[in-house]
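Taken in sequence, the protein lines are chains A and B.
Per numbering that gives the first Met the number 0, the very first residue in the first sequence carries number 0; after that it's consecutive.
Per numbering that gives the first Met the number 0, the very first residue in the second sequence carries number 0; after that it's consecutive.
Report on the structure given below.
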Amino acid sequence: MAKSKKTSVDRRGFLKGAAAGAAALVAKPQIADAQQAAAQQAGGQNGQQTAQNRGVSGTAAEPTQVALARETGGRPGGAARIIEHPGSDYMVDVIKSLNIEYLAANPGSTYESLHESLINYGDNKMPEFLTCCHEESAVAMAHGYAKIEGKPMMALIHGDIGLQHASMAIYNAYVDRVPIYMVVGNHADGARRAPGVQSLHSAQDLGALVRDYTKWDDEPLSLGHFAESAVRAYNIAMTPPGGPVLIVCNAEIQGDPMQGPAPRIPKLTLTTPPAGDIAAVREAAKILIDAERPQIIAQRMARTPEGMTLLVELAELLQAPVNSQERMNFPTRHPLAGTGWQGYQPDVTLNLEVGDILPQARTDRARGAKTIQITAVSISHKSNIQDFGHYADIDLDIGADAQATLPALIEEVKKQLTPDRKSAFQARGVKLAEAHKKARDQQIEQAQYGWDSSPVSLGRLCAELWPLIKDEDWSLVSPQGFIGNWPNRLWKFDKHHQYIGGQGAGGMGYGAPASVGAALANRKHGRLSVNIQTDGDMNYAPGVLWTAAHHRIPLLSIMHNNRGYHQEVMFVEDQAVLHNRGADRSHIGTKLWDPNIDYAKMAQAYGMHGEGPITSPDELVPALKRGIEIVKKGEPAMIDVVTQPR
Amino acid sequence: MRLLLLASFAALACAQSPAGDAKHGKELFLSYACYSCHSFDGHGGAGARLVPMPLNQAGFIAFVRNAGRMPSYSSKILSDEKLADIYAYIKTLPASPDAKNIPLIQELIRE
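As structure tokens, then:
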């Protein structure tokens, strides 16, 4: 194979220098030569040595100076080497074709060539590099971003060590059906990788580490293969049910020089979401129209604002209550929001993208009700991780994306709806509206309990916050499960971007980085992002606060600082009582006190406004106002509020 | 439903026990993590509201021994004396203001 003269000479000189400095290498020149030749053969289409095969002249047993420098974290000196058109430049062209705004990454040498190409050849635009302090933060930021923006952000990950750091965040996104675009560096070619850290950070089948909860992965063997897989991966991530995808990007392909014309970049055409079979949809419409007390349960249903609009139309046609969970599926103050009046026993439930449907199906069966399910997850199962939940008795199971199926279902309901049923629906709607108003008033009144308490009650916190944000274009970018769902109970949610839902797989450490990612997506829309941040979650990877400060991501974080993993306090207490011993020891291993963590100082240390701890409700509003002022100027801020447990 | 259950225990209890030690009761309320479900001021959270306490002391002890959703504490874990102390502490906790007297809550209801 032909060699690039300049590169060859440079590399030769470099390797000679390395060999001259290592007496051990001199003793085995033939072996070194043979390995070098093999490395050249393995060096891609032209057999050149590149930035990635430096050090290959040494054996695994006897490392070169280059390898030794690598192992000790240093960089070798040597003669000048220039690769003007590395493969990673072309990879940037491919990535740019996908219109990805940002990439989040913790730096690592397995993708160093691509890193450099992204910031110089790609001018650090589309995507723009976001410096992260942990791979879990990078992936969770992408998770939060996608929930607002409806498309993937990229996470660039360093070899097997970075991927293992990222793994929990990947799993959360997988269960949450959220698209994330991951590129992971690797030193696949054993003959070209240096001993030591390059071996430690590489894998034979890197994608296998997270394959059980990654929607699709590939390890391209050439630039043309990279282009095809990169575009395919984006499409797969976006096709419902969405999910994280992963491209393993070998250092050799990144760093080898481009030869000849660049491979064509395939056109990205998103696959249309799977919609329900029309005969099944027709049957669903009939069952719903015939029902006396239907109920709609929506979890990960509304992928986009259009999903909300469609669900409102269906609910109003049927005059059926909507129990919305996990996503912003339905306006919280719509008269049909809720579960119906007291004693409302559904005779049909329509379950839209509901996770583990067994509890609902079991309840339906016990009362003789019918269960209809529409979910794309039915046609996209894996085996190992049990996120698919239980098998359940379903009367009509439509394997399709619920949002994509709603237009047909709405049309079928319109077609089949008779004046008699319409009249009955209207009467039901009046009763449901009354029940909604009554339930809502009761929920708001509940905020009175602990109103004057210190530590601050979560009801008081959320009640005081609402008047300060309600006239802004606000967005709650944190889960509500650990804050008593107080925002849902008190605030008026009527836009898709106003709530991003929960963790997905319930993995803690999601909240802080997801809120930063969602706030990043909200930034260009000028929205006020609010994160009610639990303390246990905050402490997984607090470095994401620095990322928010460094990249000027406006985000108001309010600590729900109950000084512990509160749910676990209750669980351990429960177990102690069950075992009839030591119920005064449930704080062991569950509390975050002695010393108390100072979140205001933590925020300040990472470069953002921080104040607190606030323990009295009277101090709350002035502090929240100061925080909002800072966030509206484009900076993050944190207010530490010491709170009641829940 | 929860209040009905509490009330039934109140009806069962007929004897008044000696007054407990509220100061010790506070220590027990914290160390036995009563606050984790009922909040530091007894205004509820994951668990029921304790303020205002609808039970007399004997009814309270009977309830804790045979709770429903809440774990049932045996006398080995919490003696009657300790529960009497906790009860005394709960009785010192102030009630919340009525929602009707909280302007912000009324504003939220009117929205």
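The beta-carbon is built from N, C-alpha and C at its ideal position, and this holds for glycine as well.
Just so it is clear, the structure is predicted and the values come from calculations on it, not from any experiment.
- For Met167 (chain A), same chain residues with a beta-carbon under 7 angstroms away, outside a window of 5 residues either side, are Glu135, Gly506 and Gly508 in chain order.
- Asp159 (chain A) and Ala193 (chain A) have their C-alpha atoms spaced approximately 16 angstroms apart.
- DSSP, reduced to helix, strand and coil, places Cys461 (chain A) within a helical segment of the structure shown.
- The shortest CA-to-CA distance from Ile557 (chain A) to any of A:Leu619, A:Gln502 and A:Gln574 is the one to A:Leu619.
- The continuous beta strand (DSSP E) containing Cys248 (chain A) extends over residues Pro243 to Asn249.
- Met307 (chain A) is not bridged by DSSP to any residue.
- Counting of Cβ neighbours within 10 angstroms places Asn322 (chain A) among the buried residues, the total reaching 16 or more.
- Counting only unbroken stretches of 4 or more residues, the alpha helix (DSSP H) elements lying wholly within the stretch 439 to 483 of chain A are 457 to 468, in sequence order.
- Burial is judged here by how many other beta carbons sit within 10 angstroms of a residue's own beta carbon; Gly24 (chain B) has at least 16 and is buried.
- Secondary-structure assignment with DSSP links Ser556 (chain A) through a beta bridge to A:Asn530 and A:Met637.
- For Ser30 (chain B), at least one C-beta of chain A is nearer than 9 angstroms to its own C-beta.
- One thing to note: Thr589 (chain A) has its Cβ within 9 angstroms of the Cβ of Glu567 (chain A).
- Close to chain A, meaning a Cβ-Cβ distance shorter than 8 angstroms, are the following residues of the stretch 32 to 61 of chain B: Ala32, Tyr34, Ser35, Cys36, Ser38, Phe39, Asp40, His42, Gly43, Gly44, Ala45 and Arg48.
- The C-beta distance from Ile371 (chain A) to Ala314 (chain A) rounds to 14 angstroms, too long to meet the 8 angstroms contact threshold.
- As DSSP reads the structure, Glu115 (chain A) sits in no beta bridge.
- Around the beta carbon of Ala18 (chain B), fewer than 16 other beta carbons sit within 10 angstroms, so the residue counts as exposed.
- For Asn521 (chain A), the nearest beta carbon of chain B is not closer than 9 angstroms to its own beta carbon.
- In chain order, Val347, Lys369, Ile371, Asp394 and Leu395 place their CB closer than 8 angstroms to the CB of Ile286 (chain A), counting only its own chain and leaving out the 5 sequence neighbours on each side.
- The beta carbon of Ala98 (chain B) sits closer than 9 angstroms to some beta carbon of chain A.
- Annotation: the continuous alpha helix (DSSP H) that includes Tyr88 (chain B) extends over Asp79 to Thr91.
- Counting other Cβ atoms within 10 Å of its Cβ, Glu218 (chain A) reaches 16 or more and is therefore classed as buried.
- Per the C-alpha coordinates, the member of A:Gln253, A:Gly107 and A:Ala517 positioned closest to Leu113 (chain A) is A:Gln253.
- When 8 angstroms is used as the limit between beta carbons, Tyr72 (chain B) is near these residues of chain A: Val576 and Ala582, in chain order.
- Residue contact with chain A for Ile101 (chain B): present (Cβ-Cβ distance below 9 angstroms to some residue of chain A).
- The alpha helix (DSSP H) runs lying completely inside the stretch 595 to 631 of chain A and spanning 4 residues or more are 598 to 604 and 619 to 631, given in chain order.
- Around Trp473 (chain A), the same chain offers Gln497, Arg526, Leu527 and Val529 as residues with beta carbons nearer than 7 angstroms, after the five sequence neighbours per side are excluded.
- Pro454 (chain A) places its beta carbon less than 9 angstroms from that of Thr642 (chain A).
- What His565 (chain A) touches in chain B, judged by beta-carbon distance under 7 angstroms, is Ser35, going in chain order.
- Residues of the stretch 160 to 178 of chain A with a C-beta atom less than 9 angstroms from some C-beta of chain B do not occur.
- Taken in chain order, the unbroken stretches of alpha helix (DSSP H) that lie wholly in the stretch 479 to 515 of chain A and span 4 residues or more are 485 to 489.
- Annotation: the continuous beta strand (DSSP E) that includes Thr130 (chain A) extends over Glu127 to Thr130.
- In the DSSP assignment, Met569 (chain A) falls within the unbroken alpha helix (DSSP H) covering His565 to Leu577.
- In this structure, Val543 (chain A) lies away from Ala517 (chain A), with their beta-carbon atoms at least 9 angstroms apart.
- For Ser78 (chain B), the closest Cβ of chain A is not nearer than 9 angstroms.
- A direct Cα-to-Cα measurement between Ile356 (chain A) and Gly398 (chain A) gives close to 14 angstroms.
- In the three-state reduction of the DSSP assignment, Asn538 (chain A) falls in the coil class, being assigned neither a helical nor a strand state.
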